[in-house]
Each structure stands twice: as structure tokens, then as C-alpha cells.
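Take a look at the structure below.
Protein chains in written order, with the working numbering: chain A, 15 to 312; chain B, 15 to 312.
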């Protein structure tokens with residue numbers, strides 16, 4: 015059980031996502047008033063259960079918000095060429111403003127080539143080279159990957175000042191670490207960003223200097239209290255399964271942060287689950303609405 | 015006058031560039047043996063004297079190395095459309111492997127659109143979105159901008175260990191700061207990189223924690239000794255003109271580092287001029303040879 019003292023500094027991702035959805039409903043109403051319904055197409059190749067669950071959740075959220083949703087479930091035997099043909103069709107389809115191919119595809123699919131085939135204006139995951147470059151260039155017309163975008167929104171909600179703040183991003187992946195760092199160092203956000211990783215020397219001390227610590231390394235409960243300065247804001251991107259024979263499923267989800275140890279000293283901290291996780295789909299919806307607005311000029 | 019104690023820790027950019035040219039001559043010989051002569055085209059629009067000097071220097075170095083060099087000097091009245099047509103011609107020209115448009119073009123030219131029109135495989139300046147994205151993705155087939163590439167080579171020459179080292183990059187420009195940071199955090203280089211800038215809090219203290227400090231802010235002699243830890247390696251990318259009535263030209267060149275103050279405590283330091291400056295053209299030549307190799311598969 016969490017003590018009430020700890021609960022007060024919790025960053026409630028579900029509550030923030032709910033707030034985001036309220037804002038998005040307004041934007042969707044606006045688009046529809048101009049005759050445009052934002053449309054998202056999600057392509058799933060194969061039958062990985064986790065991927066199917068993600069795709070279902072995205073489809074469900076689209077419907078709840080009144081977005082047009084297309085869910086394409088293709089067999090695991092789909093060839094690269096067939097998948098590319100589907101992407102091309104969706105690129106040309108005026109009712110679709112956002113396209114994503116659920117990751118990971120089967121091994122015979124060249125995922126990077128699929129991403130490059132997307133119309134960058136519909137690449138709501140933000141992984142197309144054009145959007146990666148726009149992020150580096152600080153061009154706001156591009157799409158930023160959903161997870162870093164969700165983390166930024168959570169930081170905004172805490173009221174922490176980011177301009178000039180020392181932010182340590184732990185992890186340098188293409189999906190979270192690097193885009194997170196590039197987003198935070200943008201003009202107008204102006205954080206001082208350090209990207210730390212497995213090869214970093216004196217990692218705990220380096221992290222303990224941060225005003226804001228963002229962990230995205232996929233190591234269960236790796237970040238202990240000696241990584242965190244008293245009063246720091248802590249964002250946990252990790253979602254790791256650890257064995258838990260006592261639970262019904264036989265496992266439980268934990269983040270990259272040792273929550274029990276870190277929560278008492280953090281000014282604010284995201285739990286896992288219920289922190290960054292709920293934000294990601296909300297940012298996908300936000301990117302789809304942005305894509306629709308940019309494509310239809312409403 | 016520099017004391018001999020100071021001179022021993024000087025990173026001599028001209029000497030390193032000479033070493034690079036020796037390596038490149040070997041690679042060029044190799045390409046020519048396969049029937050391919052690397053070719054570089056430099057487009058200059060207008061008659062800015064500094065730009066003309068840069069273009070001349072690039073052309074001269076091509077000739078010295080035995081590269082094929084095309085120097086296109088276009089009038090300041092050249093339209094965007096005319097310039098794009100020239101770029102297209104060069105994109106199609108099999109004798110040309112590297113193309114660059116000297117910056118800055120006249121104000122009526124949309125420089126970003128010109129860069130996007132370049133064949134990414136010939137974008138030896140490394141500013142095309144495809145190459146920016148490859149840098150983020152860690153794809154070694156892309157082109158890295160010449161100045162950060164030159165800084166990395168200088169660091170290699172000092173023998174400083176970069177894996178895990180704390181590197182502070184001062185400045186977040188698209189030409190130096192951001193690509194420098196992305197390059198150094200790449201897998202295989204593995205530095206822990208912090209990007210600091212004008213909005214950074216406690217800037218001197220933050221810089222003074224660095225094992226390697228790279229200054230690229232364009233502020234004459236901004237970095238004083240309190241920014242530098244004893245034994246740090248210091249790279250000065252700045253080239254600033256300051257008034258000097260005693261000199262023939264009325265000005266002299268200084269870096270972003272207060273050299274006299276910092277040199278006595280640095281393990282190694284680049285002078286200005288004669289540090290990073292000479293490296294930039296050598297890296298442009300290296301990128302052109304790489305482009306030729308990739309395009310002709312030699």
C-alpha cells in the first residue's frame with residue numbers, strides 16, 4: 015500500500031490522458047464542423063497477442079473519440095511487397111490522415127523500409143526520416159513519437175520549469191531516449207539535456223544531479239534512490255514484466271524505477287502502470303488530429 | 015607568445031588535417047584504380063567575399079588531391095527555380111559524387127528547399143533530412159556534417175577515451191551542436207553527452223564537470239577558466255572576429271574559448287585559428303570520397 019504522503023506526489027497518467035481527450039474532443043468537433051473527420055489506419059501483420067491488444071486499444075479509442083478508424087489485420091505470411099502495396103493505398107486514401115504499422119512486424123519484413131514508404135504527412139508515430147529530421151531541425155510541422163510527447167505533457171502538468179533545468183534522459187533508443195532529448199532541448203522548451211546510458215561513468219551521481227530524470231532503459235527497477243536528488247521530478251517510461259507467482263497472471267508490471275525507494279524523495283513521480291503508459295495512445299490520437307488538420311487545412 | 019608548457023598540449027588541426035589528407039590520397043588512388051574519380055560540385059550564388067574564399071579553398075583542395083572539382087558561380091539574381099535546375103543537373107551527373115551549396119545564399123533563396131532537393135547520396139554537407147535522420151538512427155551510410163566530424167577526429171587524435179566520458183557540447187545549432195551530440199552518443203562511441211546553451215543554469219559549473227568540452231556558440235572568448243576542469247580536453251569551434259587596431263586587417267580571429275586562461279589547465283586544447291578550422295575542409299573531402307565509393311561501389 016502507498017502511504018498518503020507518497021500519493022500526493024504521484025503523476026496520474028490516466029487523469030492527464032482524460033484531460034487530453036477532453037481537449038481532443040473539442041478539436042475533433044472543430045474538424046468535423048469543417049467537414050473533415052480525422053482517420054487513423056493501423057496495420058497489424060501476424061498474430062502476436064500483445065500487438066493485437068495494442069491495436070485493439072487504439073481502434074477502441076478512435077471510436078470513443080469519434081475518429082474514423084481502419085484496422086487492417088494481415089496474416090503473418092504477408093510479404094514485404096504486399097505490405098508496401100497496402101501502405102501505398104493508405105497514403106493515397108483521403109479519408110486516412112494517420113497510418114501506423116504496429117511494431118514489431120514478422121522477421122521477414124524490413125520495418126525501416128515500411129516506415130520510409132509512409133507518407134511523412136501521415137506518419138503519426140514520428141519514425142519516418144522526414145519527421146526525425148524535423149525534430150532535430152525544430153520544425154513543428156513534423157510528428158514527434160508518442161511516448162516522448164506524452165512524457166513532455168506529464169512534465170508540463172507537474173508545473174516543473176523546464177527552461178534551463180538539468181534533465182537526464184536515461185536511455186538512447188530511437189523510440190524514446192533520443193527523440194525525448196531532442197524535444198526537450200528545442201528552443202522554447204530549452205532544457206539542458208544529458209543522455210545517459212549503460213556505458214555512462216558514475217551513472218548514479220550523474221542522474222542525482224538532475225532536476226528531471228526520465229528513465230527509458232527497459233531494466234526492471236534499475237533506478238534506486240541514490241540516482242535521485244531530493245525534490246526531483248521522475249518519469250518512468252519502462253514497462254517490464256517480472257515474475258510474480260502470487261498474481262493471477264504469474265507476473266506483474268514494474269518500471270525502470272524502484273518506485274518504493276524513489277517515491278519518498280521525488281517531488282513528483284509517475285507510477286507503472288498508470289503513468290506514461292496511458293499517455294501514449296492519447297498522443298497518437300493528438301498526432302492523428304494534427305495530421306488531419308495539416309492535410310485538410312482545418 | 016605561448017610558453018612551451020602550453021604548446022605541448024596544443025591540438026594542431028593543421029597537422030591532423032595533413033594526416034587526413036595522406037589517408038585520403040590513398041583512398042583516392044584506390045578509387046581511381048577502379049576507374050572512378052571522386053567529383054565535388056560547389057555552387058555559389060552571389061558574391062559574398064567570405065563565401066567566395068571558402069569556395070576557392072574547397073576547389074583548390076580538390077585539385078591538390080586530384081579530385082574532380084566543379085565550381086559554379088551564379089549571379090546574386092539567380093532564382094530559386096534556376097538554382098533548383100542546377101541542383102537537378104548535378105544530381106543526374108555521374109561524374110559528380112558530392113554537391114554543396116555554399117551558405118548563406120541570397121535572402122530570396124529558400125536554403126532548406128535547396129538542401130531537400132539534393133540527392134541525399136551526394137549531400138556531403140550532411141544537412142539533407144535523410145542524412146540528419148541517419149545520424150539520429152546511427153546509420154553509418156549517411157553523411158555527418160563536416161565540422162562535428164572534424165572535432166571527432168581531433169578528439170581521436172588526443173587519445174582521450176570517449177566511451178562513458180562526460181562530454182558537454184556548448185551550443186545546440188543544426189550545423190555543429192546537435193550533430194556533434196548525436197555523433198558522440200552513437201553506439202560504438204558511447205559518450206555521455208550534455209547539450210548546454212544560453213538558457214542553461216549554472217553553466218560554468220556544468221561545463222566544469224566535463225571530461226571533454228566542445229564550445230560552439232559564436233561568442234568570442236566566452237569560456238573562461240572556471241568553465242574547465244583541470245585536465246579536460248577542450249575543443250573550440252568558434253571563429254569570431256574581434257577588433258584589433260594593431261593588426262593589418264584591423265581585426266583578429268578568436269574562438270569561443272579564452273585560450274590564454276584555459277590552455278594552462280586543459281589536458282589538450284585546440285587553438286583558433288589552426289584547430290577545428292583546417293579539419294572542416296578535410297572532412298568535406300573525406301565525405302566526397304565516401305560518396306563516390308558508395309555511388310560507384312568502389
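Note that the Cβ used here is the ideal one computed from N, Cα and C, for glycine as well.
Simplified DSSP assignment, three categories, for residue i
i	result
residue 239 of chain B	helix
residue 262 of chain A	coil
residue 167 of chain B	helix
residue 83 of chain B	strand
residue 210 of chain B	strand
residue 132 of chain B	coil
residue 254 of chain A	strand
residue 13 of chain A	Nothing can be reported for residue 13 of chain A, as the shown portion of chain A is limited to 15 through 312.
residue 180 of chain A	strand
residue 30 of chain B	helix
residue 229 of chain A	strand
residue 160 of chain A	helix
residue 303 of chain B	helix
residue 155 of chain B	coil
residue 289 of chain A	coil
residue 143 of chain B	helix
residue 107 of chain A	coil
residue 65 of chain B	helix
residue 19 of chain A	With a pLDDT of 45 at residue 19 of chain A, under the threshold of 50, the modelled position of this residue cannot be trusted, and the question is left open.
residue 312 of chain A	coil
Beta-bridge partners of residue i, as assigned by DSSP
i	result
residue 39 of chain B	None, per the DSSP bridge assignment.
residue 53 of chain B	B:82
residue 282 of chain A	A:247
residue 329 of chain B	For residue 329 of chain B there is no data in the structure shown, the boundaries of chain B being 15 and 312.
residue 271 of chain B	B:237
residue 113 of chain A	A:55 and A:137
residue 97 of chain A	DSSP output for residue 97 of chain A lists no bridge partner at all.
residue 217 of chain B	Answer is none; residue 217 of chain B lacks a bridge partner.
residue 24 of chain B	B:283
Pair within 9 Å by beta-carbon distance, residue i and residue j
i	j	result
residue 224 of chain A	residue 243 of chain A	yes
residue 86 of chain A	residue 57 of chain A	yes
residue 128 of chain B	residue 158 of chain B	no
residue 286 of chain B	residue 267 of chain B	yes
residue 247 of chain A	residue 282 of chain A	yes
residue 81 of chain A	residue 297 of chain A	no
residue 45 of chain A	residue 306 of chain A	yes
residue 231 of chain B	residue 185 of chain B	yes
residue 317 of chain B	residue 71 of chain B	Since the displayed chain B opens at 15 and closes at 312, residue 317 of chain B lies outside it and no answer follows.
residue 183 of chain A	residue 175 of chain A	no
residue 131 of chain B	residue 312 of chain B	no
residue 241 of chain A	residue 218 of chain A	yes
residue 112 of chain B	residue 88 of chain B	no
residue 303 of chain A	residue 104 of chain A	no
residue 36 of chain A	residue 295 of chain A	no
residue 289 of chain B	residue 27 of chain B	yes
residue 340 of chain B	residue 106 of chain B	What the structure shows of chain B is the stretch from 15 to 312, and residue 340 of chain B is not part of that stretch, so it cannot be assessed.
residue 118 of chain B	residue 65 of chain B	yes
residue 97 of chain B	residue 293 of chain B	no
Neighbour-count burial assignment, residue i, 16 or more Cβ in a 10 Å radius
i	result
residue 235 of chain A	buried
residue 301 of chain B	buried
residue 137 of chain A	buried
residue 134 of chain A	buried
residue 29 of chain A	exposed
residue 238 of chain B	exposed
residue 116 of chain B	buried
residue 161 of chain B	buried
residue 99 of chain A	exposed
residue 139 of chain A	buried
residue 22 of chain B	exposed
residue 18 of chain A	Residue placement at residue 18 of chain A is poorly supported in this model, since its pLDDT is 43, which falls under 50; the coordinates are not used for a value here.
residue 15 of chain B	For residue 15 of chain B, the predicted model reports a pLDDT of 41, less than 50, meaning its position is unreliable; a value from the coordinates is still stated below. Counting Cβ neighbours within 10 Å, residue 15 of chain B comes out exposed, since fewer than 16 surround it.
is_contact[residue i, chain D] using C-beta, thresh 9 Å
i	result
residue 136 of chain B	Checking the listed chains, one finds no chain D in this structure; the protein chains it contains are A and B.
Any non-hydrogen atom of the ligand SAH within 8 Å of residue i CB
i	result
residue 204 of chain A	The ligand SAH is not part of the structure shown, which contains no ligands of any sort.
Would you check if there are 3 or more beta carbon pairs closer than 8 Å linking the region 159-179 of chain B to the region 212-231 of chain B?
yes
For the region 204-224 of chain A against the region 183-196 of chain A, do three or more pairs of beta-carbon atoms, one drawn from each stretch, fall closer than 8 Å, so that the two count as touching?
yes
Is the number of C-beta pairs between the region 68-76 of chain A and the region 48-57 of chain A that are closer than 8 Å three or more?
yes
Counting pairs of Cβ atoms below 8 Å between the region 138-151 of chain A and the region 135-150 of chain B, do you hit three or more?
yes
So does the region 268-275 of chain A actually touch the region 246-255 of chain A, counting three or more Cβ pairs closer than 8 Å?
yes
Quick test of the definition: if touching needs 3 or more C-beta pairs under 8 Å, does the region 108-124 of chain A touch the region 167-177 of chain B?
no
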